[in-house]
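Novice: Chains as they are written, first to last, in UniProt numbering: chain H, 1 to 209; chain Z, 1 to 219. Just dropping this structure here.
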C-alpha cells in the first residue's frame with residue numbers, strides 16, 4: 001500500500017507536513033535505531049506478525065471445532081491454552097486462555113476495564129472500541145445497553161456474565177452454534193463466527209446471512 | 001492507583017461506537033508505535049506491569065485526550081527516560097546524543113516470531129496452599145495503593161464468591177515497581193450485579209474479576 005497518491009512533492013517537503021504523531025514516533029524510532037537498541041527489520045517483523053499471523057480467523061477455527069468435536073469442546077472448557085495449542089496457536093497474550101461458553105440461559109461478555117487485555121493469540125489486536133472508555137466503563141454496569149449498541153437484544157431471561165480481564169487470563173467466548181447448520185463442516189462453520197461473537201458483543205451468524 | 005484507567009462503572013463517556021470494516025491500524029505511525037513498544041520492552045529494563053503503570057500514570061487529561069497508541073508512545077518515552085536509555089534532550093533533538101545502554105539486548109528480526117510464539121507465561125510454582133477454595137465467600141479489601149494495582153475500584157470492599165482457583169501468578173502490585181515477581185494465588189471472583197451497582201443493576205447480571213489473594217479476605 002502506497003501513501004503517495006495524494007502527495008506530489010518531494011521527501012523534504014513531505015517531512016515538513018508530517019502530522020505530530022508521525023513525527024514523534026519517527027523521532028523515537030530514529031533515536032533507538034541510532035543507539036542500536038531497535039532493529040527496524042525487527043519492527044517490520046512484529047508488524048507482519050500482528051497483521052498476518054494472528055487474528056480472529058484463528059479463534060473462529062477454534063469455535064467451529066468446538067461446535068463439531070465434543071471431545072475438543074470438553075478440552076477447551078477444561079484447559080483452553082492446551083486445546084488451542086493442538087491447533088498450532090500459542091504465545092503472546094494467550095498464555096493463560098479461558099474459553100467461556102454461551103447457552104440459552106447465559107451470555108458471556110469480555111472486557112478489560114483497566115486497560116486493553118485481549119486474547120491476541122486467537123483474536124488478534126483489539127478493535128478501538130474495545131480499548132476505549134465507553135466500552136470499558138459500561139460493559140460491567142450496563143451490558144444490555146452495550147449489547148443493544150451492537151444490535152444484540154437478549155431475552156430478559158438470559159443471564160449475563162461479564163468477565164473483567166484484570167489479570168493475565170485471557171477470555172474467548174464460544175458463541176452458540178446457529179440453527180440450520182447441522183450439515184456444515186468446521187471450515188464452513190468458521191465463516192459464521194464473527195470476531196464480535198467471540199468477545200460477546202455479537203452472535204454467530206446464521207447460514208446464508 | 002485511582003487513575004484515569006480505572007473505568008469500570010464510570011458514567012458520561014457516551015455510547016460505544018463500533019466502526020464498520022475497521023482497519024487494523026488507522027495510520028502507519030500506529031504500527032510503528034506498537035512495534036517500538038514491543039521491541040523496546042525486549043531490552044528488559046521494565047516489566048509489562050511497569051509499562052501498564054506508566055500508561056495509567058499519565059495525567060487524566062492526557063490519558064482521556066490521547067488515542068490508544070498515543071498513550072503507548074507517551075508511556076514508552078517515559079519508560080526509556082526512567083531507565084536511562086533516552087534523554088529528554090534526545091527526544092527534543094530527534095536523534096541520538098549518547099550511546100545506548102543495552103544494544104546487546106536488541107531484538108533481532110529472526111527472534112520476533114519465536115519470541116511472540118513463546119509469549120510470557122506468568123504462572124509460577126506453588127509453594128503455599130491456597131487460602132480459598134471454589135464456593136468460598138470472600139470480601140475484597142479496601143485496597144487502593146498509590147502505585148499499580150489490578151483490583152478495580154468498583155470491586156473494592158465487595159462480597160463475592162470464589163469461582164475458580166487459577167494457580168499462582170506474578171503479582172502486578174509488586175512487579176510493576178521493581179519489587180520482584182512476588183507470586184500469589186489468583187482467583188476468579190464472581191459478584192452479583194446488585195452487589196456492585198445496587199438496585200439499578202440489570203437483572204441476572206454477574207461480573208467477575210481475577211483477583212490475587214492479597215486483595216481478598218474471608219467473608
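The beta-carbon is built from N, C-alpha and C at its ideal position, and this holds for glycine as well. As the structure is a prediction and not an experimental result, all values here were calculated from the model.
So residue 211 of chain Z and residue 189 of chain Z are supposed to be a Cβ contact under 8 angstroms. How far apart are they, rounded?
Specialist: Indeed they touch by this definition, with Cβ atoms about 5 angstroms apart.
Novice: Whose CA, out of Z/196, Z/156, Z/200, lies closest to the CA of residue 215 of chain Z?
Specialist: Nearest C-alpha to residue 215 of chain Z: Z/156.
Novice: Tell me the rounded alpha-carbon separation between residue 87 of chain Z and residue 94 of chain H.
Specialist: If you take the alpha carbons of residue 87 of chain Z and residue 94 of chain H, they lie about 34 angstroms apart.
Novice: Whose C-beta lies closer than 7 angstroms to the C-beta of residue 67 of chain H among residues of the same chain, with five residues either side of it excluded?
Specialist: Answer for residue 67 of chain H: 177, 189, listed in chain order.
Novice: For the segment 114-202 of chain H, which segments carrying the alpha helix (DSSP H) assignment without a break, of at least 4 residues, lie completely within its bounds, in sequence order?
Specialist: Within the segment 114-202 of chain H, the complete alpha helix (DSSP H) runs of at least 4 residues are 120-123, 128-131, 133-138, 143-149, 186-190, 195-199.
Novice: Starting from residue 111 of chain Z, trace the alpha helix (DSSP H) both ways and give me its first and last residue.
Specialist: Note, residue 111 of chain Z: alpha helix (DSSP H), 109-118.
Novice: Any Cβ of chain Z within less than 8 angstroms of the Cβ of residue 184 of chain H?
Specialist: So, not an interface residue.
Novice: Are the segment 129-147 of chain Z and the segment 137-156 of chain H touching by the rule of at least three beta carbon pairs closer than 8 angstroms?
Specialist: No, the segment 129-147 of chain Z does not touch the segment 137-156 of chain H.
Novice: How would you call residue 17 of chain H, buried or exposed, if buried means at least 16 neighbouring beta carbons within 10 angstroms?
Specialist: Its Cβ having fewer than 16 others within 10 Å, residue 17 of chain H is exposed.
Novice: Per DSSP, residue 162 of chain Z is paired with what?
Specialist: Paired residues: Z/189.
Novice: Beta carbons nearer than 8 angstroms to chain Z: which residues of the segment 169-199 of chain H have them?
Specialist: Within the segment 169-199 of chain H, the qualifying residues are 169, 196.
Novice: Residue 15 of chain Z versus chain H: which residues are under 7 angstroms apart at the beta carbon?
Specialist: Residues of chain H passing the Cβ test: 134, 149.
Novice: Select from Z/124, Z/162, Z/90 the residue whose C-alpha is nearest the C-alpha of residue 139 of chain Z.
Specialist: Of the listed residues, the one whose Cα sits closest to residue 139 of chain Z is Z/162.
Novice: Take the Cβ of residue 153 of chain H as the centre, count every other Cβ of all protein chains shown within 10 Å, and call the residue buried at 16 or more, exposed below.
Specialist: With fewer than 16 Cβ atoms within 10 Å of its Cβ, residue 153 of chain H is classed as exposed.
Novice: Kindly identify the DSSP beta-bridge partner or partners of residue 98 of chain H.
Specialist: Note: residue 98 of chain H sits in a beta bridge opposite H/171.
Novice: How would you list, in chain order, the residues of chain H whose beta-carbon sits under 8 angstroms from the beta-carbon of residue 163 of chain Z?
Specialist: Residues of chain H passing the Cβ test: none, with the nearest at roughly 10 angstroms.
Novice: Against chain Z, with Cβ distances strictly below 8 angstroms, would residue 4 of chain H count as a contact?
Specialist: The predicted position of residue 4 of chain H is uncertain, since its pLDDT is 42 and thus under 50; a value taken from the coordinates is nonetheless stated next. So no, residue 4 of chain H is outside the interface.
Novice: Output, in chain order, the set of chain H residues within a Cβ distance shorter than 7 angstroms of residue 5 of chain Z.
Specialist: Within chain H, the residues near residue 5 of chain Z are 114, 115.
Novice: Return helix, strand or coil for residue 124 of chain Z, following the three-state DSSP convention.
Specialist: DSSP places residue 124 of chain Z in strand when its eight states are reduced to three.
Novice: Tell me which residues of the segment 68-87 of chain H have at least one Cβ-Cβ distance to chain Z shorter than 8 angstroms, keeping chain order.
Specialist: Here the close residues number zero.
Novice: Rounded to the nearest angstrom, what separates residue 90 of chain H and residue 111 of chain Z at their Cα positions?
Specialist: Each residue's Cα considered, the two are about 16 angstroms apart.
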